[in-house]
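In our numbering, the protein residues as written are 112 to 220.
Presented below is the structure to which this report refers.
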Amino acid sequence: EGHGQGMMSADAMLEHMSQELNLTDDQKAKLKPILEDQAKQMQELRKDTSSSDQDRHAKMKQIHESTMSQVRPILNADQQKKLEEMMSRRSEHGKREHDGDHSSGSKPQ
Numbered sequence: 112e113g114h115g116q117g118m119m120s121a122d123a124m125l126e127h128m129s130q131e132l133n134l135t136d137d138q139k140a141k142l143k144p145i146l147e148d149q150a151k152q153m154q155e156l157r158k159d160t161s162s163s164d165q166d167r168h169a170k171m172k173q174i175h176e177s178t179m180s181q182v183r184p185i186l187n188a189d190q191q192k193k194l195e196e197m198m199s200r201r202s203e204h205g206k207r208e209h210d211g212d213h214s215s216g217s218k219p220q
């Protein structure tokens, strides 16, 4: 089965980050297990149909944030800045796609 909902596999994510951030082989080796772990957690979460969408969304955010907190120290300052830009581009894109009901109260970043 495909992994819908625009979730990239760990390899695809690593490849993407590698291109955007110019990662060294050493950095890639360190990032791979972190991204694989995130992908695994996200997959588990998607299988868990017992929790509400809101719950799942909150958990996804948590997983993402804990992943980022592990990723950042591996990157240099320049790469961190690029990563932030990448993330804000992605969340802007995502917000427009699945934000119907609670967008009115959100402030632009």
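Backbone N, C-alpha and C define an ideal beta-carbon position, used for all residues, glycine too.
- Close CB contacts of D122 within its chain, under the 7 Å cut and outside five residues either way in sequence, are absent.
- Judged by pairs of C-beta atoms under 8 Å, the stretch 144-164 touches the stretch 176-196, as three or more such pairs exist.
- Under the three-pair Cβ rule at 8 Å, the stretch 159-172 does not count as touching the stretch 126-146.
- Rounded to the nearest whole angstrom, the C-alpha separation of E176 and Q152 is 13 Å.
- Remark: C-beta atoms of M197 and E126 do not approach each other more closely than 7 Å.
- For R157, the uninterrupted alpha helix (DSSP H) segment begins and ends at D136 to K158.
- When secondary structure is reduced to three states using DSSP, L186 falls in the coil class, being assigned neither helix nor strand.
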